[in-house]
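K.L.:
Dropping a structure here in structure tokens format, bear with me for questions.
Protein chains: 2
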Amino acid sequence: MPRAGLSVERLTRAGAELADEVGFDQVTVSALARRFDVKVASLYSHLKSSQDLKTRIALLALEELADRAADALAGRAGKDALAAFADVYRDYAREHPGRYAAARFRLDPETAAASAGVRQALMIRAILRGYDLAEPDQTHAVRLLGSVFHGYVSLELAGGFSHSAPDPGTSWVRIVDALDALLRDWPAPAP
Amino acid sequence: MPRAGLSVERLTRAGAELADEVGFDQVTVSALARRFDVKVASLYSHLKSSQDLKTRIALLALEELADRAADALAGRAGKDALAAFADVYRDYAREHPGRYAAARFRLDPETAAASAGVRQALMIRAILRGYDLAEPDQTHAVRLLGSVFHGYVSLELAGGFSHSAPDPGTSWVRIVDALDALLRDWPAPAP
DNA sequence: GTGGATGCCTAAACCCCTTAGGCAAATGCC
DNA sequence: GGCATTTGCCTAAGGGGTTTAGGCATCCAC
Numbered sequence: 001m002p003r004a005g006l007s008v009e010r011l012t013r014a015g016a017e018l019a020d021e022v023g024f025d026q027v028t029v030s031a032l033a034r035r036f037d038v039k040v041a042s043l044y045s046h047l048k049s050s051q052d053l054k055t056r057i058a059l060l061a062l063e064e065l066a067d068r069a070a071d072a073l074a075g076r077a078g079k080d081a082l083a084a085f086a087d088v089y090r091d092y093a094r095e096h097p098g099r100y101a102a103a104r105f106r107l108d109p110e111t112a113a114a115s116a117g118v119r120q121a122l123m124i125r126a127i128l129r130g131y132d133l134a135e136p137d138q139t140h141a142v143r144l145l146g147s148v149f150h151g152y153v154s155l156e157l158a159g160g161f162s163h164s165a166p167d168p169g170t171s172w173v174r175i176v177d178a179l180d181a182l183l184r185d186w187p188a189p190a191p
Numbered sequence: 192m193p194r195a196g197l198s199v200e201r202l203t204r205a206g207a208e209l210a211d212e213v214g215f216d217q218v219t220v221s222a223l224a225r226r227f228d229v230k231v232a233s234l235y236s237h238l239k240s241s242q243d244l245k246t247r248i249a250l251l252a253l254e255e256l257a258d259r260a261a262d263a264l265a266g267r268a269g270k271d272a273l274a275a276f277a278d279v280y281r282d283y284a285r286e287h288p289g290r291y292a293a294a295r296f297r298l299d300p301e302t303a304a305a306s307a308g309v310r311q312a313l314m315i316r317a318i319l320r321g322y323d324l325a326e327p328d329q330t331h332a333v334r335l336l337g338s339v340f341h342g343y344v345s346l347e348l349a350g351g352f353s354h355s356a357p358d359p360g361t362s363w364v365r366i367v368d369a370l371d372a373l374l375r376d377w378p379a380p381a382p
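Just so you know, the protein sequences line up as chains Y and P, in that order. Under our numbering, residues 1 to 191 are what the first sequence spells out, in order. Under our numbering, residues 192 to 382 are what the second sequence spells out, in order.
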């Protein structure tokens, strides 16, 4: 019987595809084994556990997202950069819902610290350098942007905006406009 | 052998408590049966399925959230109302992380349409009547607020802001300030 | 070619979900 | 209070998913 040629990388990529097809929480070691026409136990020479598999898929998704964002940001600044980043985020989630869900998978702190998630945070901070925000307002703004991007995309994916006008793409554009305006004129603390 | 006195309501409440203790995705029919010291199969005279249980917990959480929000909104308008609603959301998620996660559980469209989720959407629209927004801007704003509230709370719960200054409560206040300012001066579409 | 490392296998234990069918406790009717 | 019926909880059993232990065949290096 010839060997299947498994490897952590192939398994991770296949897991990511599986996630996009059936949803991240349906990604299972068993399903992956079926996909490679191999017995379940065989995967355990490559993966430590189901958790390990999910973590790897999450890291892959975070990488891909950060790569796309870096591409999109090249040569842009200000609102251009903000809109580009925002679109990367939303588009990625729509193209790869399973991977996007994976990117939200809870990692333990040290794994998270070593992930491409920090690159994303740095890029948001870079975008904010196009606006005039001193600390701690910059951090508040980072958190706001992270919340809006994640929140919107996750509500849209969950079907929260479906079948209702105006279409989600339009709201997205207007929300990015609004965020740009807000960042240009960030209010002082309320009295 | 005396009966345990199970009922759909008791099971749902216990499920919600369990969710807060161990996380919503650790809520399982088996765990619930253990909690009542009863055999697993016994729960199936009360619950159709594991999915059914989760749906019921989700509906409970949506009700509780809507009730709290309605209380908080009574007699308030404008920024007061906005801040009160925002705090209800964040506080509920911090007090009841499992229930909050349950409230994000994906319901099928008709169940969602009959849930307290629509009450929440109506309350956000009511808050926005304190600002001067015509359609379709009001809808854009509803979506923005929903995204920020959900996004922020979910990032905070996921530990995204932990161990980093400024503390998440401060950012929350400033973000609500910023949203208020933005709604008072909602920008026209970009050229 | 042969030795060793590696890859995939069988086997088995454990946990969760779900259905079918049975006995006993609660409920209601007289 | 006695009896029938309903209802609730049980045992039994099948189907997945996860994970570990141990075996044999394949692949690679020499």
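For every residue, glycine included, the Cβ atom is placed at its ideal position computed from N, Cα and C.
For residue 78 of chain Y and residue 125 of chain Y, I'd like the C-alpha separation in whole angstroms.
P.N.:
If you number the first sequence from 1, residue 78 of chain Y lands on position 78. If you number the first sequence from 1, residue 125 of chain Y lands on position 125. If I take the Cα positions, the gap works out to 12 Å.
K.L.:
Apart from the five residues on each side of it in sequence, which residues of its chain come closer than 8 Å, Cβ to Cβ, to residue 23 of chain Y?
P.N.:
Here residue 23 of chain Y refers to the residue found at position 23 of the first sequence. Answer for residue 23 of chain Y: 97, 98 and 101, listed in chain order.
K.L.:
Does the separation of the CB atoms of residue 224 of chain P and residue 218 of chain P fall below 8 Å?
P.N.:
As a working note, residue 224 of chain P is residue 33 in the second sequence. As a working note, residue 218 of chain P is residue 27 in the second sequence. No, they are not a contact pair.
K.L.:
What's the call for residue 137 of chain Y, buried or exposed, on a 16-neighbour Cβ count within 10 Å?
P.N.:
Counting from 1 along the first sequence, the entry for residue 137 of chain Y is found at position 137. Counting Cβ neighbours within 10 Å, residue 137 of chain Y comes out buried, since at least 16 surround it.
K.L.:
With a threshold of 7 Å on Cβ separation, who are the neighbours of residue 310 of chain P within its own chain once the five nearest residues in sequence on each side are excluded?
P.N.:
Translated into the one-based positions of the second sequence, residue 310 of chain P becomes position 119. Result list for residue 310 of chain P: 257, in chain order.
K.L.:
Suppose you measure from the CA of residue 348 of chain P to the CA of residue 285 of chain P; what does that come to, to the nearest Å?
P.N.:
As a first step, residue 348 of chain P is located in the second sequence; it is residue number 157 there, counting from the start. As a first step, residue 285 of chain P is located in the second sequence; it is residue number 94 there, counting from the start. Between residue 348 of chain P and residue 285 of chain P, the C-alpha separation is close to 7 Å.
K.L.:
Please confirm whether residue 360 of chain P has its beta-carbon closer than 8 Å to some beta-carbon of chain Y.
P.N.:
Start at 1 with the first residue of the second sequence, and residue 360 of chain P comes out as number 169. No - not a single Cβ of chain Y is within 8 Å of the one on residue 360 of chain P.
K.L.:
Going straight from the alpha carbon of residue 63 of chain Y to that of residue 9 of chain Y, what length do you get?
P.N.:
Locating residue 63 of chain Y in the first sequence gives position 63, where the first residue counts as 1. Locating residue 9 of chain Y in the first sequence gives position 9, where the first residue counts as 1. Straight-line Cα distance between these residues: approximately 14 Å.
K.L.:
Is any non-hydrogen atom of the ligand NAD found closer than 7 Å to the C-beta of residue 241 of chain P, if you look at the structure I gave you?
P.N.:
This structure does not include the ligand NAD; it has no bound ligands of any sort.
K.L.:
If you drop the 5 nearest sequence neighbours on each side, which residues of the same chain put their C-beta closer than 6 Å to that of residue 221 of chain P?
P.N.:
Here the question's residue 221 of chain P lines up with position 30 in the second sequence. Excluding positions up to five away in sequence, the list reads 231.
K.L.:
For residue 67 of chain Y, which of helix, strand or coil comes out of DSSP?
P.N.:
As a position in the first sequence, residue 67 of chain Y is number 67, starting the count at 1. Correct three-state label for residue 67 of chain Y: helix.
K.L.:
Quick one: using the 10 Å Cβ neighbour count with 16 as the cut-off for buried, is residue 299 of chain P buried or exposed?
P.N.:
Position 108 of the second sequence, counting from 1, holds the residue named residue 299 of chain P. It counts as exposed.
K.L.:
Look at the alpha carbon of residue 338 of chain P and the alpha carbon of residue 249 of chain P, and state the distance between them as a whole number of angstroms.
P.N.:
Taking the first residue of the second sequence as position 1, residue 338 of chain P is located at position 147. Taking the first residue of the second sequence as position 1, residue 249 of chain P is located at position 58. Whole-angstrom Cα-Cα distance: 19 Å.
K.L.:
Round the Cβ separation of residue 237 of chain P and residue 264 of chain P to the nearest angstrom and send it over; I've been treating them as touching at under 8 Å.
P.N.:
Position 46 of the second sequence, counted from the first residue, corresponds to residue 237 of chain P. Position 73 of the second sequence, counted from the first residue, corresponds to residue 264 of chain P. Residue 237 of chain P to residue 264 of chain P, Cβ: 35 Å. No contact.
K.L.:
From residue 276 of chain P to residue 116 of chain Y, what does the alpha carbon distance come to, in whole angstroms?
P.N.:
The residue you call residue 276 of chain P lines up with position 85 of the second sequence. The residue you call residue 116 of chain Y lines up with position 116 of the first sequence. Roughly 34 Å between the two C-alpha positions.
K.L.:
Determine whether the beta carbon atoms of residue 246 of chain P and residue 302 of chain P lie at a separation below 8 Å.
P.N.:
Position 55 of the second sequence, counted from the start, is the residue given in the question as residue 246 of chain P. Position 111 of the second sequence, counted from the start, is the residue given in the question as residue 302 of chain P. Result yes, Cβ atoms of residue 246 of chain P and residue 302 of chain P sit closer than 8 Å.
K.L.:
Under 7 Å between beta-carbons, which chain P residues line up against residue 140 of chain Y? List them in chain order, please.
P.N.:
Taking the first residue of the first sequence as position 1, residue 140 of chain Y is located at position 140. Neighbours of residue 140 of chain Y on chain P, chain order: 362, 365 and 366.
K.L.:
Of the residues P:282, P:322 and P:375, which one's Cα is nearest the Cα of residue 341 of chain P?
P.N.:
Position 150 of the second sequence, counted from the start, is the residue given in the question as residue 341 of chain P. Taking only the C-alpha atoms, the option nearest residue 341 of chain P is P:282.
K.L.:
Can you tell me whether residue 305 of chain P is buried or exposed? The criterion is at least 16 other CB atoms within 10 Å of its CB, across all chains shown.
P.N.:
Position 114 of the second sequence, counted from the first residue, corresponds to residue 305 of chain P. Under this definition residue 305 of chain P is an exposed residue.
K.L.:
Please check if any C-beta of chain P sits within less than 8 Å of the C-beta of residue 136 of chain Y.
P.N.:
Here residue 136 of chain Y refers to the residue found at position 136 when the first sequence is read from its first residue. So yes, residue 136 of chain Y belongs to the interface.
K.L.:
Taking the straight line between their C-alpha atoms, what separation do you get for residue 371 of chain P and residue 333 of chain P?
P.N.:
Against the second sequence, residue 371 of chain P aligns to sequence position 180. Against the second sequence, residue 333 of chain P aligns to sequence position 142. When rounded, the distance between both Cα atoms is 13 Å.
K.L.:
Of the residues that make up the stretch 269-289 of chain P, which ones have a beta carbon closer than 7 Å to any beta carbon in chain Y?
P.N.:
Within the stretch 269-289 of chain P, no residue qualifies.
K.L.:
What number of angstroms, rounded off, separates the C-alpha of residue 190 of chain Y from the C-alpha of residue 155 of chain Y?
P.N.:
Working through the first sequence from its first residue, we reach residue 190 of chain Y at position 190. Working through the first sequence from its first residue, we reach residue 155 of chain Y at position 155. C-alpha separation (whole angstroms): 29 Å.
K.L.:
Measuring straight from C-alpha to C-alpha, what distance separates residue 68 of chain Y and residue 131 of chain Y?
P.N.:
Numbered from 1 along the first sequence, position 68 holds the residue referred to as residue 68 of chain Y. Numbered from 1 along the first sequence, position 131 holds the residue referred to as residue 131 of chain Y. Taking the straight line joining both Cα atoms gives about 22 Å.
K.L.:
If contact means a Cβ-Cβ distance below 9 Å, which residues of the stretch 146-162 of chain Y contact chain P?
P.N.:
The residues in question are 146, 147, 148, 149, 150, 151, 152, 153, 154, 155, 156, 158, 159, 160, 161 and 162.
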